[in-house]
Every structure is written in C-alpha cells, then in structure tokens.
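**Q** Have a look at this one before I ask anything.
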C-alpha cells in the first residue's frame, strides 16, 4: 500500500514538471533566433560574416540564380540564360562599361551616315553644305567682254581673261572697232595671245590689228609676238598694212624671229615695203631678214625690191 502511494506521488510530480520544462525550452529557442550567432551576423557593407557564407538552402540558391546581382561583390556572376542574352543584344548599351560594343547594323549605320554629327567626337565632320554667310563665295566676273569693255580694261584684268576669250572677241571686231580701240590696247591684247590665238584670228583681222598700231606698240609687243602675228598673215594682209607698218614691225624683230617667220613670209613682207622703209629698218635688220630667205623668195621679191633692200 505504501509503495502504491509513492508511485502515485511520483507520477503527479512528473505530470506537473513536464509542461514547465517544455515551455522553458520553447522560450530559449525564440531567444536564440532573435540573437544570431557571430557566424550568422553579416559584416559591414553587407560583406559575408567572418566565418564565411552560411550554406545555402535550395530556396536561397534558386533566389541567387534568379537575381545574381544582389551580391554586388560576386566575382563570378552566373552565365546569361538565352533570355537575358537576348535582352542584352537588344540593348547592349545598358552596360555602360562594355569595352566592346556590338558592331553597327545596316540600319544604325544608315542612321549614322544620315546624321553623323550625333557623334560629338567625330574627328572628321562633314563639310558644310551651305555657304558661310560671314565668308561669301567670290562672285564671278559679270563684265561683258566687248571692245568697249576691253578698251577700259586694265592690262592685269586682260591677262586674267586670257587669250582664248580675247581672240573670240577680236575675230568678231570690225575695222572701225580696231581703230577706236587704239594701238595701246591692241598691243595689250596681242601680248596676252599665243600662236594658236593668232592663227584662229586669221590674217585679215591681224592686219586690221597691226594697221592700228604704232612703232612703240610693236616695240611693246616684242619680237616673238610680232613673228607669231606675221607668220599668220598673207601677202594681201601685208599689202593692207602698208610699208611703214611693216618696217615698224620688222624693226622690232630679231634674227630668230625672222627665222621663225620663214622665207616666204619675209618675201611677202619685203615686197610690200619701199626704199624708205628698208632704210628705216637699217642694214642689220635687212641682213637678218635676207639671211632667212632663199632663192625663190628673192625671185618673188623682184629686182627692184632687192635693189632697194641692198
């Protein structure tokens, strides 16, 4: 009976102490979860704790793969999936530190060509398409080329016009216009012409030009231009000029100029000169002229001219 009493008391004590022990253990568990251990406490700047990263559960591992950039110090981010790779290709410039931007597509290249100045660092900007209002382009000379305009034209301006334009004008001039222009301007014109220009003008216009020039004008032209002029004239042109003008022309030519003219032209020139003209030319010029003539040329001149020449 006493034993039964002891057993009953022990069971009552055990029944009373078990709930108290369970409650105390439950309270200790909450206290430990509210105060993490040093191994679980993250370091400054969200660095891993001193003891290293805690082992990841499947859930935290999945979350890390879904958003790997939450760990700013992760040296090895996971490789991109096909979806993230496609997004990166659609907008590669979201990564501001990308050292190798993708090459331009035909569309972006076309846009760049249409508006290259969107790139402010373009070392070769396109040239301006409109004239600079502060530096207008020089206006072309609007002066009409006529005998009247040439008569008032300075020699440097005439040189700027060139022999071709002067020839085009001169070959359409009349005798009265050559006379009105005067010897000085005619000499300036001739000085700016070349052999082809004299040839294009023709003997008749050259004779008209020479007829209205004086000794000083021939001197101003020089022997080379005079020879080019005389070379392109015929007997009738020399006759039209007259002996005095021919003598003035010949006086301002040298041996090489006579040679360039040739014997036939020299004979035609001499045939249209008189004794006084030969005398005015002087023996030296006559000798240079005769030196460049042949037998047929002397025969063409005739004895009277030869005698006057001698």
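Residue numbers (the working numbering): 437 to 746.
We treat Cβ as the ideally placed atom computed from N, Cα and C, and that holds for glycine.
Since this is a predicted model, take the numbers as computed values, not measurements.
1) Rounded to whole angstroms, what is the Cα-Cα separation between residue 733 and residue 596?
2) With a threshold of 6 angstroms on Cβ separation, who are the neighbours of residue 625 within its own chain once the five nearest residues in sequence on each side are excluded?
3) Verify whether the separation of the beta carbon atoms of residue 670 and residue 718 is less than 7 angstroms.
4) Do residue 591 and residue 619 have their C-beta atoms closer together than 7 angstroms?
5) Around the Cβ of residue 735, are there at least 16 other Cβ atoms within 10 angstroms (buried) or fewer (exposed)?
6) Nearest chain D C-beta to residue 670 closer than 7 angstroms, yes or no?
7) Considering only residues of the same chain and omitting the five flanking positions on each side of residue 650, which have a CB-CB separation below 8 angstroms?
8) Suppose you measure from the CA of residue 593 to the CA of residue 697; what does that come to, to the nearest Å?
9) Using the three-state DSSP reduction, which class does residue 708 fall into: helix, strand or coil?
10) Please go through the region 578–629 and give each complete alpha helix (DSSP H) segment of 4 or more residues, from N-terminal end onward.
11) Specify the secondary structure class of residue 670 as computed by DSSP and reduced to three states.
12) Roughly how far, in whole angstroms, is the beta-carbon of residue 662 from the beta-carbon of residue 688, given that I think they are within contact range, below 8 angstroms?
13) On the criterion of 16 or more Cβ atoms from any shown chain inside 10 Å, does residue 641 qualify as buried, or is it exposed?
14) For residue 712 and residue 744, I'd like the C-alpha separation in whole angstroms.
15) On the criterion of 16 or more Cβ atoms from any shown chain inside 10 Å, does residue 746 qualify as buried, or is it exposed?
16) Sort 677, 659, 645 and 440 by Cα distance to residue 705 and report the nearest one.
17) Distance check for residue 702 and residue 708, CA to CA, integer angstroms please.
**A** Per the coordinate set shown:
1) If you take the alpha carbons of residue 733 and residue 596, they lie about 41 angstroms apart.
2) 602
3) At a Cβ-Cβ threshold of 7 angstroms, residue 670 and residue 718 do not count as neighbours.
4) no
5) exposed
6) Although the question refers to chain D, the structure presented lacks it and comprises just one protein chain.
7) Taking residue 650 as the centre and dropping the five residues before and after it, the same chain places the C-beta of 619 and 684 closer than 8 angstroms to its C-beta, in chain order.
8) 30 angstroms
9) coil
10) 583–587, 591–597, 599–606, 611–617 and 619–627
11) coil
12) Contact between residue 662 and residue 688 holds: CB atoms are separated by about 6 angstroms, below the 8 angstroms threshold.
13) Taking a 10 Å sphere around the C-beta of residue 641, we find 16 or more other C-beta atoms and assign the residue as buried.
14) 9 angstroms
15) exposed
16) 677
17) 10 angstroms
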